[in-house]
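Residue numbering for the sequence shown follows this note's numbering, beginning at 3 and increasing consecutively.
Glycine residues also receive a C-beta, built at the ideal position from the N, C-alpha and C atoms.
All figures in this text were calculated on a predicted structure; none of them were measured in a lab.
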Amino acid sequence: MNLLVIVLSSQLLYYLLIAQTGVVGAFDSHIHDLYTLPIGGVIGSLLSALGRHHGLKLELYFLFGIQILISWFYPNYSLGMLLLLGFVVGYTTPLLLYLFRSQEKLQLALGLAISYAVGTALYTYPFDARGDIAIVLPLISVIALHYTPVQSELKDEKKPFHWATLSVMMLWIFADSALFETLSRSGGMDIWSRYPLLIIASHLTGVFLAYRYDGELMRQTRVIWILFLLSYTFYWVKEPIALAVIYPIVISYYNVLLFQALIRLADIRLIGLSMVGVGWIATSAANAVALEHQLWVAAGILGLAALIYPFYTRRIL
Numbered sequence: 003m004n005l006l007v008i009v010l011s012s013q014l015l016y017y018l019l020i021a022q023t024g025v026v027g028a029f030d031s032h033i034h035d036l037y038t039l040p041i042g043g044v045i046g047s048l049l050s051a052l053g054r055h056h057g058l059k060l061e062l063y064f065l066f067g068i069q070i071l072i073s074w075f076y077p078n079y080s081l082g083m084l085l086l087l088g089f090v091v092g093y094t095t096p097l098l099l100y101l102f103r104s105q106e107k108l109q110l111a112l113g114l115a116i117s118y119a120v121g122t123a124l125y126t127y128p129f130d131a132r133g134d135i136a137i138v139l140p141l142i143s144v145i146a147l148h149y150t151p152v153q154s155e156l157k158d159e160k161k162p163f164h165w166a167t168l169s170v171m172m173l174w175i176f177a178d179s180a181l182f183e184t185l186s187r188s189g190g191m192d193i194w195s196r197y198p199l200l201i202i203a204s205h206l207t208g209v210f211l212a213y214r215y216d217g218e219l220m221r222q223t224r225v226i227w228i229l230f231l232l233s234y235t236f237y238w239v240k241e242p243i244a245l246a247v248i249y250p251i252v253i254s255y256y257n258v259l260l261f262q263a264l265i266r267l268a269d270i271r272l273i274g275l276s277m278v279g280v281g282w283i284a285t286s287a288a289n290a291v292a293l294e295h296q297l298w299v300a301a302g303i304l305g306l307a308a309l310i311y312p313f314y315t316r317r318i319l
């Protein structure tokens with residue numbers, strides 16, 4: 003297995019367990035204590051897109067080193083440190099996705115499978131006690147990167163960019179994050195602590211289906227929409243076991259296709275600019291919906307998108 007897979011999976015775990023859930027949980031989801039995190043992410047993604055990047059491997063070493071330094075203070079972060087944390091995550095992700103352009107879909111599927119399995123197993127670990135995890139994950143990234151050959155020069159390929167595709171990516175991230183953050187604050191539907199093995203099996207099933215049945219993100223819009231519809235329905239009718247099966251499948255399924263679409267852009271500028279919308283704007287909007295207990299907004303947007311999408315299908319496909 004290519005060690006770049008380990009770099010990707012450890013960074014995805016860092017985002018999931020530290021930047022997304024760890025910090026938010028440690029600060030009790032208080033927006034006024036966290037607002038600089040997405041601001042830093044947007045700045046990092048923009049600078050990653052606009053930078054010239056002479057020596058990608060050295061850049062990643064430096065970024066992982068900053069992650070380790072920041073992690074020593076976890077979770078006692080000031081607004082300035084959260085800004086820096088968001089910047090590092092925002093700057094790092096486009097670089098990793100750009101480097102992954104030379105990998106096969108199998109490698110991407112393996113990286114996501116590892117991150118979802120380990121992330122689910124560690125999800126119930128107390129937020130305030132994740133300091134060791136925060137340090138270990140970037141250390142793993144550094145070690146794996148050391149044994150990974152990386153081309154230092156950018157060789158961007160000019161490929162067409164479709165704004166509609168970016169809009170669909172943001173829609174899935176928004177729908178996913180809104181439900182995820184709502185479930186994270188719902189004691190009665192705490193599926194991660196009650197059914198971790200079932201969720202891991204469902205995640206792996208979603209990854210396998212995305213890998214086995216090769217398809218493009220836009221061509222799978224109807225399937226993904228139906229799976230999200232089922233996930234939201236199972237949440238509202240209080241069916242945790244069914245939710246623990248369907249929801250992880252759709253998360254893994256659409257994320258394999260979404261990451262594949264981003265990687266195939268093969269242009270770090272397009273990847274970085276896309277991550278502003280996908281990684282930060284969509285997730286921040288979803289967090290606002292969840293914190294205000296207005297999940298119906300996300301459901302309404304999903305319904306509206308289902309009505310609008312057919313008018314654009316022929317143009318895209």
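Close-in-space but distant-in-sequence residues of the same chain around residue i (CB under 6 Å, 5 per side omitted)
i    : result
N289 : E183
V247 : S204
Y396 : This structure cannot speak to residue 396, because the chain is shown only from 3 to 319.
A284 : M172, I175 and F176
A136 : I20, S73 and Y76
G274 : S47, S50, A51 and P96
V299 : V291
I265 : L99, F102 and R103
I202 : A119 and T122
Same chain, Cβ closer than 8 Å to residue i, five either side skipped, listed in chain order
i    : result
T167 : L219, M220, A263 and I318
I228 : none
Per-residue burial, residue i [other beta carbons within 10 Å of its own, 16 or more giving buried]
i    : result
Q13  : buried
G24  : buried
A21  : buried
D30  : exposed
T126 : exposed
L267 : buried
A28  : buried
L1   : Given that the chain is displayed from residue 3 to residue 319, the structure contains no residue 1 and the question cannot be resolved.
M165 : Going by the sequence as given, residue 165 is Trp instead of Met. Classification for W165: exposed.
W282 : buried
P250 : buried
L52  : exposed
F230 : buried
D134 : exposed
V7   : buried
S80  : exposed
Y149 : exposed
N78  : exposed
V239 : exposed
D216 : exposed
G302 : exposed
Residue i beta carbon near the ligand COA (any heavy atom closer than 7 Å)
i    : result
G217 : Summarising the ligand content, the structure contains no ligands, and the ligand COA is consequently not present.
Extent of the continuous alpha helix (DSSP H) run through residue i
i    : result
E183 : W165 to S186
N4   : No alpha helix (DSSP H) contains N4, which DSSP labels as neither H nor E.
N257 : P242 to I265
D83  : The sequence given here has Met at residue 83, not Asp. Residues L81 to L101.
I323 : There is no way to answer for residue 323, as the model of the chain reaches only from 3 to 319.
I68  : L58 to S73
Q109 : K107 to L124
L293 : A284 to L293
F210 : P198 to R214
M140 : The question names Met, but residue 140 in the sequence shown is Pro. Its alpha helix (DSSP H) spans residues G133 to H148.
L219 : Unbroken run through L219: none, as it is neither H nor E.
I270 : I270 to M277
L231 : T223 to W238
G190 : Looking at the DSSP string, G190 is not in any alpha helix (DSSP H), and its letter there is neither H nor E.
A307 : L297 to I310
Same chain, Cβ closer than 7 Å to residue i, five either side skipped, listed in chain order
i    : result
S11  : G113, I116 and S117
L206 : A115 and A119
G121 : L15, L18 and L19
L272 : F163
V258 : L110, A111, L114, V209, A212 and Y213
K180 : Checking the sequence shown, residue 180 turns out to be Ala, not Lys. Here the set comprises A288, V291, A292, L297 and A300.
F236 : A244, L245 and I248
Q | Contact between the segment 269 to 283 and the segment 34 to 49 (3+ Cβ pairs under 8 Å) | A | A contact exists between the segment 269 to 283 and the segment 34 to 49.
(Q) Taking contact to mean 3 or more Cβ pairs, one atom from each stretch, closer than 8 Å, check whether the segment 56 to 68 and the segment 80 to 95 are in contact. (A) Contact holds: three or more Cβ-Cβ distances are below 8 Å.
Q.
Counting beta carbon pairs with one atom in the segment 130 to 149 and one in the segment 181 to 199, are three or more of them shorter than 8 Å?
A. Segments in contact, no.
Q: For the segment 292 to 312 and the segment 245 to 260, state whether three or more C-beta atom pairs, one from each stretch, are separated by less than 8 Å.
A: Judged by Cβ distances under 8 Å, the segment 292 to 312 makes no contact with the segment 245 to 260, as fewer than three pairs qualify.
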